[in-house]
Every structure is written in C-alpha cells, then in structure tokens.
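Asks: Below is the structure I would like to discuss, written out as structure tokens.
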Amino acid sequence: MFKNAMLIAAISLSFASHANTLLTESEAEQVKQIKAKYSNTAELKELTKISSSIFTLTSRIEEQKTTIIKDKQLYQEYQRRLSEEMLSGTEEKTDYYFAEMKKTSKEIKLNQEQIQLNTAQIKKHNDRIILLNSALRESKKLYNDKLLDIRDSVVTRLKKEFANPIPVSVSGKLQCSPYQSIRACFESKQTTSKLINDAVETRFGQIEITSTTNNFKVDSALMDYDGNVEYKANFNLFVQYNEDIDAQVVKEVGVESFDIVLLSNKPASFYLDGLPVGKGQEVSVKVSKGKYAVLAKFEGHQESTIQDISMPVSLTYNF
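Those letters in the sequence shown? Residues -19 to -1, 1 to 300, per mature numbering (1 follows the signal peptide of the UniProt record, and there is no 0), in order.
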C-alpha cells in the first residue's frame, strides 16, 4: 500500500551551511571579496591593449619589409635601364631614371626607419608586458593562497561538524492509506527512507555522500479521513567526509585545476603570464581556475590573448 505514498516535506538541518552549498554565508562572502579584490581588471585590460598594439605593429613591419623588397627590385630595374641608356648614348630618360632611383631610395630609407621605430616600440611594449605579468603572477599567488586558506578552513569546519551527529528536522504532508494507522505508515521503510533521502539531497544536492541515520522520531502527525497526514519528525544524520565532498569544497571556493591544451600549426613557444610552459604544436598544461595572459611565439611572430579558464579547453594560435 505504501508504494504510492506521496511526500511534500520541509527539511531543516542544524548545520552551519545552506542547502546545496557547503560554505557558510560568511565563507561565501569572503570568497566573493577576494575574487573582487584580485580581479586584476586594469592590468588585464592593459595587456589586451598592448597585445593588440604589438599585433598591429608587427603587421606593419611585415608590410614595410615587403615594400622594401619591391622597392629594391624597382631600384635595380631603374638602375639597369639607366645603365642601358647611358651605354646606348641616347640619354633621353637619364634624368627621369635618376629621379626615380632617388625617390625609391628615399622610400626604402623611410620604411627602414619606420621598421626601427616600430621594432623599438614593440620592445617597449614587451618590457611593459614583463612588468604586468610579474604583477599578475604576484597577485594571482596572493589570490590562490587566500582561497586555499578558506578551503582549509572549510574542510576543518566540516570534518569537525561531521564528527558529531547532525540533527535533522522534517515536516510536511504525507499521503498514506486511510485504511492503516499513522504508526504503520511511518514504520514503512519506504516512507522513512524517502524522508531521509529527501533531507540528504536537500542538504547535499547531487554530491555522493556516505551517511547513516538513527533516532528517527515522529514528533507529531495528524491524519484526515482521506489518509492525508501532516507530520513533524526528526533524526540524526552521520556523514563521512569523502573525496566527493572535498571536490565540492574545492569547486565552491574556486581553487579547481584544469588541463588546457595549447595548439599551433607551427612548433611555437608558449607562455602563461610571461612564464614559458612548453614548445611544440601541442602543449598540455595544468592550471588553476582564473584569467591568464597566453602568448605564443614563432620565428619573431607572436599571438596573444587573455583567457578566463574555468574548464578544460583547447586554445589555438596559428602563424
């Protein structure tokens, strides 16, 4: 008869955390404040701007080098024609060829000077990037250290709380058979198991936990003619701290680590926050959750982005 029992329950646990989170309000607020304090928004924005400028300057240098090659070829062509004309004795376009050679020579020199200026500007940008990356690494270390301190504090608190039984109170409505007593309804294993499982799921969500219970007591229960029961009950819950709970703490505090893969069509050198992490067409790196300045270099060329890493991901930088 109890296979079709229906439960509508309100569940209260004498526990420091809130439903479906293992952190207290105070701990969650600490995490929020730390994340806000060490967001490094200004530095990351400047890095993005500098990286964009480097890309523009690098593109200009490539264009200028291409123009120089063409101008040198053009200069040699004017030189050849001038030589032929002088040898032929006509000298009809001698002044024209001289003028074009002079004009082309000036353009070559101008582009060479621009390349020097742009190269110097790129060096200034890279020097600034070194300083910004150093500041980011220091800030990130403080950020991670503070979050790890909270993680350790949460783990210590939970283990201490789990060392004692957790009092659980449940109340709600239960559909029983009108042909059985209230006692018989609550003595059904299916009924009590459902109440207990609902209480555990309300508190821990989908986390796999190992738990036991005792002292299940019905404080009050009223049944109407149709078998609708309003009840209040309580029991003790014993929880074992395990890897799943630990993983949830790590996730809620925000100190997870992820494997990311850095890809390129060339054997590039990869850097995270200015530090080398590997060279090749595919480099795997384990990083903690957060924002990173990713840089790929190959034969004088470079590609960079700011990445907010919150899951395993593959990032591609082609040349």
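Every residue gets a Cβ at the ideal spot worked out from N, C-alpha and C, and that includes glycine. Given the structure is predicted, the values throughout are model-derived calculations rather than measurements.
Alpha carbon to alpha carbon, how far is Glu24 from Lys16?
Replies: On the sequence shown, position 43 is the one that residue 24 refers to. On the sequence shown, position 35 is the one that residue 16 refers to. Looking at the two C-alpha atoms, the distance is approximately 15 angstroms.
Asks: Is it right to say Phe216 is buried, meaning 16 or more other beta carbons lie within 10 angstroms of its own, or is it exposed?
Replies: Looking up residue 216 in the sequence shown gives position 235. Phe216 should be labelled buried.
Asks: Taking the C-alpha atoms as reference points, what is the distance between Tyr59 and Ile49?
Replies: Here residue 59 refers to the residue found at position 78 of the sequence shown. Here residue 49 refers to the residue found at position 68 of the sequence shown. Spanning the two alpha carbons is a distance of roughly 15 angstroms.
Asks: Let me know the alpha helix (DSSP H) ranges lying completely inside the stretch 129 to 178, each 4 residues or longer, listed in chain order.
Replies: List check, alpha helix (DSSP H) in window: 163 to 167.
Asks: State the DSSP-derived secondary structure class of Asn209, mapped to helix, strand or coil.
Replies: Taking the sequence shown and counting its residues from 1, one reaches residue 209 at position 228. The answer is strand: DSSP assigns Asn209 an E or B state.
Asks: Under 7 angstroms Cβ to Cβ from Arg109, same chain only, skipping five residues before and after it: list those, please.
Replies: Position 128 of the sequence shown, counted from the start, is the residue given in the question as residue 109. Same-chain partners within the cutoff: Ile31.
Asks: Roughly how many whole angstroms lie between the Cα atoms of Glu8 and Gln14?
Replies: Here residue 8 refers to the residue found at position 27 when the sequence shown is read from its first residue. Here residue 14 refers to the residue found at position 33 when the sequence shown is read from its first residue. Computed Cα separation, rounded: 10 angstroms.
Asks: Relative to the C-alpha of Thr2, which candidate in Gly255, Glu263, Leu296 and Asp227 has its C-alpha closest?
Replies: As a first step, residue 2 must be located in the sequence shown, where it is residue number 21. The shortest C-alpha separation from Thr2 is found at Asp227.
Asks: Helix, strand or coil for Asn125, going by three-state DSSP, please let me know.
Replies: Taking the sequence shown and counting its residues from 1, one reaches residue 125 at position 144. Correct three-state label for Asn125: helix.
Asks: Can you tell me which of Asn246, Thr191, Lys26 and Ile163 puts its alpha carbon nearest to the alpha carbon of Asp207?
Replies: Position 226 of the sequence shown, counting from 1, holds the residue named residue 207. Checked all of Asn246, Thr191, Lys26 and Ile163; the closest Cα to Asp207 is Ile163.
Asks: Any idea what DSSP makes of Glu263, helix, strand or coil?
Replies: On the sequence shown, residue 263 is found 282 positions in, with the first residue counted as 1. Glu263: strand per DSSP, three-state reduction.
Asks: Is Asp254 helix, strand or coil when you go by DSSP?
Replies: As a position in the sequence shown, residue 254 is number 273, starting the count at 1. The answer is coil: DSSP assigns Asp254 none of H, G, I, E or B.
Asks: Let me know if Glu43 comes out buried or exposed under the rule of 16 or more other beta-carbons within 10 Å of its beta-carbon.
Replies: Mapped onto the sequence shown, residue 43 falls at position 62. Classification for Glu43: exposed.
Asks: Please say whether Val268 and Phe239 have beta carbons closer to each other than 8 angstroms?
Replies: Counting from one through the sequence shown, the residue named residue 239 turns up at place 258. Counting from one through the sequence shown, the residue named residue 268 turns up at place 287. Going by C-beta atoms, Phe239 is nearer than 8 angstroms to Val268.
Asks: Per DSSP, what are the beta-bridge partners of Gln221 in this structure?
Replies: Translated into positions along the sequence shown, residue 221 becomes position 240. DSSP output for Gln221 lists Thr191 as bridge partner(s).
Asks: Taking buried to mean at least 16 other C-beta atoms within 10 Å of its own C-beta, is Asp242 buried or exposed?
Replies: Stepping through the sequence shown from its first residue, residue 242 is reached at position 261. Asp is not the amino acid found at residue 242; the sequence shown has Val there. The residue in question, Val242, is exposed, as its Cβ has fewer than 16 Cβ neighbours within 10 Å.
Asks: Give me the Cβ distance between Ile131 and Val12, rounded to the nearest whole Å; I'm assuming they're in contact under 8 angstroms.
Replies: Start at 1 with the first residue of the sequence shown, and residue 131 comes out as number 150. Start at 1 with the first residue of the sequence shown, and residue 12 comes out as number 31. With a Cβ gap of about 6 angstroms, Ile131 and Val12 count as contacting.
Asks: Could you say which of Gln288, Ser295, Thr173 and Tyr298 lies nearest to Leu28 if we only look at CA atoms?
Replies: Position 47 of the sequence shown, counted from the start, is the residue given in the question as residue 28. Comparing Cα positions, the closest option is Gln288.
Asks: Note the first and the last residue of the continuous beta strand (DSSP E) segment covering Thr286.
Replies: Against the sequence shown, residue 286 aligns to sequence position 305. Where Thr286 is concerned, the enclosing beta strand (DSSP E) stretches over His282 to Ile290.
Asks: In chain order, what residues of the same chain have a beta carbon less than 7 angstroms from the beta carbon of Lys74, not counting five sequence neighbours either side?
Replies: Counting from 1 along the sequence shown, the entry for residue 74 is found at position 93. Correct list, in chain order: Glu66.
Asks: Thinking C-alpha only, which one of Leu4, Glu182 and Tyr298 is nearest Val136?
Replies: Translated into the one-based positions of the sequence shown, residue 136 becomes position 155. That would be Leu4, whose Cα lies nearest to the Cα of Val136.
Asks: Where does Ala116 land, buried or exposed, given buried means 16+ other C-beta within 10 angstroms?
Replies: Stepping through the sequence shown from its first residue, residue 116 is reached at position 135. Exposed, since its Cβ has fewer than 16 Cβ neighbours within 10 Å.
Asks: Using the Cα positions of Phe143 and Tyr124, report the straight-line distance between them to the nearest angstrom.
Replies: Taking the first residue of the sequence shown as position 1, residue 143 is located at position 162. Taking the first residue of the sequence shown as position 1, residue 124 is located at position 143. Answer to the nearest angstrom: the Cα atoms are 28 angstroms apart.
Asks: The alpha helix (DSSP H) that contains Tyr59, what's its start and end?
Replies: Within the sequence shown, residue 59 is the residue found at index 78, counting from 1. Tyr59 -> alpha helix (DSSP H) spans Thr22 to Ser69.
Asks: Let me see if you follow: with CB-CB separation under 8 angstroms, is Leu123 close to chain E or not?
Replies: As a matter of chain content, chain E is missing from the structure shown, which is built from one protein chain.
Asks: If distances are taken between C-alpha atoms only, which option among Thr37, Thr71 and Phe79 comes closest to Tyr56?
Replies: Position 75 of the sequence shown holds residue 56. Cα-wise, what sits closest to Tyr56 is Phe79.
Asks: Where does Val181 fall in DSSP's three states?
Replies: Taking the first residue of the sequence shown as 1, we reach residue 181 at position 200. Helix, per DSSP.
Asks: With the cut-off set at 8 angstroms, would you say Val199 and Leu155 are in Cβ contact?
Replies: Residue numbering aside, residue 199 sits at position 218 when the sequence shown is read from its first letter. Residue numbering aside, residue 155 sits at position 174 when the sequence shown is read from its first letter. No, the pair does not count as a contact, with Cβ atoms beyond the cut-off.
Asks: To which residues of the same chain is Glu119 closer than 7 angstroms at the C-beta, ignoring the five residues directly before and after it?
Replies: As a first step, residue 119 is located in the sequence shown; it is residue number 138 there, counting from the start. None.
Asks: When the distance is taken between beta carbons, is Leu253 closer than 8 angstroms to Val266?
Replies: To locate residue 266, count along the sequence shown from 1; it is residue 285. To locate residue 253, count along the sequence shown from 1; it is residue 272. In contact: Val266 and Leu253 (Cβ atoms closer than 8 angstroms).
Asks: Hey, could you find the ends of the beta strand (DSSP E) Val236 is sitting in?
Replies: Along the sequence shown, read from residue 1 onward, the residue named residue 236 stands at position 255. First-last for Val236: undefined, no H or E at that position.
Asks: Could you please give the first and the last residue of the uninterrupted beta strand (DSSP E) stretch that includes Lys278?
Replies: What you label residue 278 is simply residue 297 of the sequence shown in a count that begins at 1. Segment Gly271 to Phe279, the beta strand (DSSP E) holding Lys278.
Asks: Rounded to a whole number of angstroms, what is the C-alpha to C-alpha distance between Ile147 and Lys141?
Replies: Here residue 147 refers to the residue found at position 166 when the sequence shown is read from its first residue. Here residue 141 refers to the residue found at position 160 when the sequence shown is read from its first residue. So the alpha carbons of these two residues sit roughly 11 angstroms apart.
Asks: Sort Ile35, Asn196, Lys278 and Lys270 by Cα distance to Lys105 and report the nearest one.
Replies: As a first step, residue 105 must be located in the sequence shown, where it is residue number 124. Comparing Cα-Cα distances from Lys105 to each of Ile35, Asn196, Lys278 and Lys270, the minimum goes to Ile35.
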